[in-house]
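The listed protein sequences correspond, in order, to chains A and B. Numbered per full-length UniProt numbering, the first sequence spans residues 1 to 345. Numbered per full-length UniProt numbering, the second sequence spans residues 1 to 345.
There are 2 protein chains.
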Amino acid sequence: MLSRAAVLHRRFATAVRFHAQGVPTEVLKVEDIGLLPKSLGQHEVALKFLAAPVNPADLSMVTGGYGIKAALPAIGGNEGVARVTAVGPAVTSVKVGDRVIPAVAGFGTWRTEAVAKEAEVLAVSDKIPVEYAATLAVNPCTAYRLLADFAKLSKGDVIIQNGANSAVGQAVIQLAALRGIQTINVIREDQHYGETVEHLKGLGATIVIADHYLGSADFKRLIADLPAPKAAFNCVGGQNGLEITKVLARGGVSVTYGGMAREPVMTSTTALVFNDISLRGFWMTEWAKHAPVEERKAMLSELAELMAQGKLRSWVETHPFSDFDAALEKVVNRSTKRKVVLLME
Amino acid sequence: MLSRAAVLHRRFATAVRFHAQGVPTEVLKVEDIGLLPKSLGQHEVALKFLAAPVNPADLSMVTGGYGIKAALPAIGGNEGVARVTAVGPAVTSVKVGDRVIPAVAGFGTWRTEAVAKEAEVLAVSDKIPVEYAATLAVNPCTAYRLLADFAKLSKGDVIIQNGANSAVGQAVIQLAALRGIQTINVIREDQHYGETVEHLKGLGATIVIADHYLGSADFKRLIADLPAPKAAFNCVGGQNGLEITKVLARGGVSVTYGGMAREPVMTSTTALVFNDISLRGFWMTEWAKHAPVEERKAMLSELAELMAQGKLRSWVETHPFSDFDAALEKVVNRSTKRKVVLLME
């Protein structure tokens, strides 16, 4: 016997899938994935997706360069937010009407509907815009962990980061500023440089600097009045990542969470041997696999609350799900600095 | 009133000094450094040097590229062994006739005689050859700490190291073999390649491989039967150091203790982010500054005992102190793979 709630309106679902790994613009196809099942299992939930971002990491998974390989054919997208439309008889952690986000990587969020196990989703605040909820689980959480897990950072301390206008970088700036931690932010100098500097300063950045100044006398003068950074956050690599490790305080740590330059991560023998720095890596997916669910929920609540209060903002642009190809092009061509989020309704 | 033991025979002392930082063959001069003082202070000891090595790190200190800057004019040499010829009235930790090694960096060991504070020397076994005693404090101790402090290594575990025929590398091979730890040893392929391979295998090396094989399919096949290495020891840097981090086990650590290639230390974003490896540095001088003296003494005793038993051998060649220039040339030109040790008597 199934409860009423578990009897689904049978609907067609649409998804963006790939049947082989390859160039995203070639292998990703908007497809009808068929009818949802007629009823839910004991611990299943039915979901109607509201929003999902197109992240660079999602595209790495499509090309095959990511730490997770998808079973093919696969639905793209790892992040998103959905509304619970029905629950199986034994479901206790969420109820119909709740907003949820995937608790696991590789969910396949570029779709209109889904049926999932209760354990595969986490309830999330409905006090924040859907495009914020859809992008809460990876980037703001990565920023949170970077600031929490690698160095003991207190009011007045300094961190340095490259790719500072990335979604993680912007969250780092805001979360650091809320705690009185000063940030040295390295970005590329492009045609939007002035605008980006203003934006990051508006978020609370202490110093914003173009990457070609790294290692220069000007750079040394600019940071001379600040304590040496206790931590560096690197999502670029190559020469840029090397330079930010050279200004670390004795015993400082450089944490890599991305590799936009597609070059090796570098540091100097001198920094490692004589200045006792260390290099670490961070991957939110791996953290989430091992962290107690209560710790993760508490972090998500804290971040959502900051968003609801306007203290943690994201630079987002939204596209209707029906315009998937246009949204994808913007991410592939890096023609926007904003996070690209698909809206499903 | 001075005790009899504290009244010195007044002797001339000879030393190799530099009055300015620069090219070692140009700035290092054998000089008469004058008469020793007529008597010893309460906590002073008089030393007659027996042997001292010429290490690459000593030369870095002469050129100015080392983590310690010498006060000029400075006597070269950080390591060595001396005999205590007289002690001040309050000295308790060593007695006349004892062999001692410097307890501190920057001692200036390229000399025939010295007066030092009791706390600046450590007694050392007289059961081992002087050329072993003179080279005990840095390289074998570095190998000891590399194996002890960075990864939990048990019987059957594997480490990988480059510069494996360095003095540290050879000590790592022997100490690892004594504990049942397997070693993958990367060396350069030069005209002495065959001889070096045989030598390292004779010390207990599991696998010895030329560096140009790193990253190749052959290399992967060669190490396929071993567990993935839990630790990498890097004294080279550049591409070589990058490749050895790529084969580390999940959560493995790469420890840099030298930079012979004079290139940045590199790893990959993938290894850091998806394989959770870390990069650390090790500097014996810094360790010695912070370690309890009893821990250091215990390590020195253990290593000297292994040497006395023939279980820890060094590849050493000796030169009379009067031939300093010839000895220096051999180190500068890297025309020997052996550790170059000066004999003062």
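C-beta: ideal position from N, C-alpha, C; glycine also. None of these values were measured; they are calculated from a predicted model.
{"Asked": "Determine, for residue 346 of chain B, whether the minimum Cβ-Cβ distance to residues of chain A falls below 7 Å.", "Found": "This structure does not reach residue 346 of chain B, given that chain B is present from 1 up to 345, and the question cannot be answered."}
{"Asked": "Taking 6 Å as the cut-off, is the beta-carbon of Lys220 of chain A closer than that to any non-hydrogen atom of the ligand FAD?", "Found": "As far as ligands go, the structure on display features none, and thus does not contain the ligand FAD."}
{"Asked": "Determine, using beta carbons only, whether Ser278 of chain A comes closer than 7 Å to chain B.", "Found": "yes"}
{"Asked": "Go through its chain and collect everything with a Cβ distance to Val16 of chain B's Cβ below 6 Å, but skip five positions before and after it.", "Found": "Leu28, Val30, Gly76, Trp110 and Phe324"}
{"Asked": "I'd like to know if Asn185 of chain B contacts chain A, where contact means its C-beta is closer than 7 Å to some C-beta of that chain.", "Found": "no"}
{"Asked": "Can you tell which of B:Val121, B:Val124, B:Ala123 and B:Ala176 has its C-alpha closest to the C-alpha of Leu147 of chain B?", "Found": "B:Ala176"}
{"Asked": "Would you mind telling me which residues of chain B sit closer than 7 Å to Trp287 of chain A, beta carbon to beta carbon, in chain order?", "Found": "Neighbours of Trp287 of chain A on chain B: none; closest Cβ ~10 Å, over 7 Å."}
{"Asked": "With the cut-off set at 7 Å, would you say Trp101 of chain A and Val84 of chain A are in Cβ contact?", "Found": "Reading the sequence as shown, one finds Ile at residue 101 of chain A and not Trp. Their beta carbons are not under 7 Å apart, which means Ile101 of chain A does not touch Val84 of chain A by this criterion."}
{"Asked": "Which residues in chain B sit within 9 Å of Tyr144 of chain A, going by Cβ to Cβ distance?", "Found": "Going along chain B, no residue has its Cβ under 9 Å from Tyr144 of chain A, so there is no contact; the nearest lies around 17 Å."}
{"Asked": "Between Gly259 of chain B and chain A, is the shortest Cβ-Cβ distance under 7 Å, so that the two count as touching?", "Found": "yes"}
{"Asked": "Hey, how far is the Cα of Ala5 of chain B from the Cα of Val62 of chain B?", "Found": "Note on Ala5 of chain B: pLDDT 47, under 50, position unreliable in the model; no value is reported."}
{"Asked": "Beta-carbon within less than 8 Å of Arg280 of chain B's beta-carbon, same chain only, minus the 5 sequence neighbours each way: which residues are those?", "Found": "Phe150, Val253, Ser254, Val255 and Thr256"}
{"Asked": "With which residues is Ala52 of chain A paired in a DSSP beta bridge?", "Found": "A:Leu342"}
{"Asked": "Less than 7 Å between C-beta atoms, sequence neighbours within five positions excluded: which residues of the same chain meet that for Val168 of chain B?", "Found": "Asn139, Thr142, Ala143, Cys235 and Tyr257"}
{"Asked": "By how many angstroms is the C-alpha of Lys220 of chain A removed from the C-alpha of Ile207 of chain A?", "Found": "12 Å"}
{"Asked": "Show which residues of chain B have a CB atom less than 9 Å away from the CB atom of Ser335 of chain A.", "Found": "Residues of chain B passing the Cβ test: none, with the nearest at roughly 24 Å."}
{"Asked": "Using the DSSP secondary-structure output, state which residues sit across from Asn162 of chain A in a beta bridge.", "Found": "A:Val186"}
{"Asked": "Output the boundary residues of the beta strand (DSSP E) element that contains Gly281 of chain B.", "Found": "Ser278 to Gly281"}
{"Asked": "How is the beta strand (DSSP E) around His43 of chain B delimited, first residue to last?", "Found": "Taken as a continuous stretch (DSSP letters only), His43 of chain B belongs to no beta strand (DSSP E), as it is neither H nor E."}
{"Asked": "Cutting at 7 Å between CB atoms, please list the residues of its own chain near Arg250 of chain B, excluding the five before and the five after it.", "Found": "Asn275 and Asp276"}
{"Asked": "Would you mind reading off the limits of the beta strand (DSSP E) that contains Glu15 of chain B?", "Found": "One point to set straight first is that residue 15 of chain B is Ala, not Glu, in the sequence displayed. Here the beta strand (DSSP E) through Ala15 of chain B covers Phe12 to Phe18."}
{"Asked": "How close, in whole Å, do the beta carbons of Val45 of chain B and Val94 of chain B come, if the pair is a contact with beta carbons under 8 Å?", "Found": "6 Å"}
{"Asked": "Name the residue from B:Arg334, B:Gln182, B:Leu200 and B:Asp211 whose alpha carbon lies nearest to the alpha carbon of Glu243 of chain B.", "Found": "B:Asp211"}
{"Asked": "Could you have a look at Phe324 of chain A and say whether DSSP puts it in helix, strand or coil?", "Found": "helix"}
{"Asked": "Once the 5 residues before and after Ile209 of chain B are set aside, which same chain residues still bring their CB inside 8 Å of it?", "Found": "Ile184, Asn185, Val186, Ile187, Phe219 and Leu222"}
{"Asked": "Helix, strand or coil for Arg296 of chain B per DSSP?", "Found": "helix"}
{"Asked": "Out of B:Asp190, B:Pro264 and B:Val87, state which residue places its alpha-carbon closest to the alpha-carbon of Lys117 of chain B.", "Found": "B:Val87"}
{"Asked": "Residues of chain D with CB closer than 7 Å to the CB of Ser268 of chain B, please, in chain order.", "Found": "The displayed structure is made up of protein chains A and B, and chain D is not among them."}
{"Asked": "Taking buried to mean at least 16 other C-beta atoms within 10 Å of its own C-beta, is Arg99 of chain B buried or exposed?", "Found": "buried"}
{"Asked": "Looking only at DSSP bridge pairs, what is Leu122 of chain A linked to?", "Found": "A:Ile101"}
{"Asked": "Output yes if chain B places a C-beta closer than 7 Å to the C-beta of Gly67 of chain A; else output no.", "Found": "yes"}
{"Asked": "Report the option in A:Val91, A:Leu248 and A:Leu178 whose CA atom is closest to the CA atom of Gln42 of chain A.", "Found": "A:Val91"}
{"Asked": "Can you tell me which of A:Asp126, A:Phe107, A:Ala51 and A:Val247 puts its alpha carbon nearest to the alpha carbon of Glu120 of chain A?", "Found": "A:Phe107"}
{"Asked": "Please tell me whether Thr245 of chain A has its Cβ less than 7 Å away from any Cβ of chain B.", "Found": "no"}
{"Asked": "Shortest alpha-carbon distance to Tyr193 of chain A belongs to which of A:Leu36, A:Lys337 and A:Gly34?", "Found": "A:Lys337"}
{"Asked": "Could you give the distance in angstroms between the alpha-carbon of Glu294 of chain B and the alpha-carbon of Leu226 of chain B?", "Found": "37 Å"}
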